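Heads up: the sequence shown begins at -10 in our numbering, then just goes up one per residue.
Cβ coordinates follow ideal geometry from the N, Cα and C atoms, glycine included.
These numbers were taken from a predicted model, which means no experiment stands behind them.
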Amino acid sequence: MSHERHEPDPEVVALASRVFDHARQGHTQDLGTYLDAGVPVNLTNDKGDTLLMLAAYHGHPDTVTLLLDRGADPDRLNDRGQSPLAGAVFKGETEVARVLAEHGADPDIGTPTARETALMFDQRDLLALFDAP
């Protein structure tokens, strides 16, 4: 069995970089075009951040909605054990946190959890959202 290491194709790396930038910058329509063309909705970067994590952390509720509607996993943790919901709470992105919670994101997963993060920053509105029926 060969254990050769293959260098990544520069064109694939450039494409992935563009896709992650669209998520990070909230370019919802452009990102949707890439998803329509077959880019996996749960694609991760070298830190385990999904497109959803990047869109959530950078405060783009429309992009977050698109990704969730396309089947993104709201509870996928990155390599540091952080959830998209905890990232949004940490950054004070209330609308993004609301969208994630409405799509079933679990406030009690990851390290720290979204609930713990909301407690640390005394974000009572988000705590109430997590406890809503």
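Selection from the options that minimises the alpha carbon distance to residue i
i: residue 84; options: 36, 5, 45; result: 45
i: residue 28; options: 77, 43, 13, 4; result: 4
i: residue 58; options: 33, 17, 79; result: 17
i: residue 71; options: 37, 25, 20; result: 37
i: residue 94; options: -3, 63, 115, 32; result: 63
i: residue -3; options: 35, 30, 31; result: 35
i: residue 101; options: 8, 76, 39; result: 76
i: residue 78; options: 24, 15, 10, 115; result: 115
i: residue 20; options: 106, 55, 0, -6; result: 55
i: residue 14; options: 52, 92, 1; result: 52
i: residue 119; options: 106, 105, 90; result: 90
i: residue 67; options: 50, 43, 60; result: 43
i: residue 30; options: 112, 104, 61, 1; result: 61
i: residue 144; options: 0, -6, 41, 1; result: As shown, the chain starts at -10 and ends at 122. That puts residue 144 outside it, with no answer to give.
i: residue 190; options: 6, 26, 86; result: In the structure as shown, the chain starts at -10 and stops at 122, and residue 190 therefore has no counterpart that could be examined.
Three-state secondary structure (DSSP) of residue i
i: residue 102; result: coil
i: residue 73; result: helix
i: residue 82; result: coil
i: residue 87; result: helix
i: residue 123; result: As displayed, the chain neither begins before -10 nor continues past 122, which places residue 123 out of reach and without an answer.
i: residue 66; result: coil
i: residue 50; result: helix
i: residue 61; result: coil
Contacting residues, own chain, Cβ-Cβ under 6 angstroms from residue i (five flanking each side not counted)
i: residue 82; result: 48
i: residue 98; result: 64, 72
i: residue 8; result: 23, 28
i: residue 33; result: 39
In DSSP terms, what residue i is bridged to
i: residue 39; result: 33
Proximal residues to residue i (C-beta, below 7 angstroms), its chain only, five neighbours per side dropped
i: residue 80; result: 46, 48
Proximal residues to residue i (C-beta, below 8 angstroms), its chain only, five neighbours per side dropped
i: residue 109; result: 101
Whole runs of the alpha helix (DSSP H) within the segment -3 to 28, excluding any shorter than 4 residues: -1 to 14, 17 to 25
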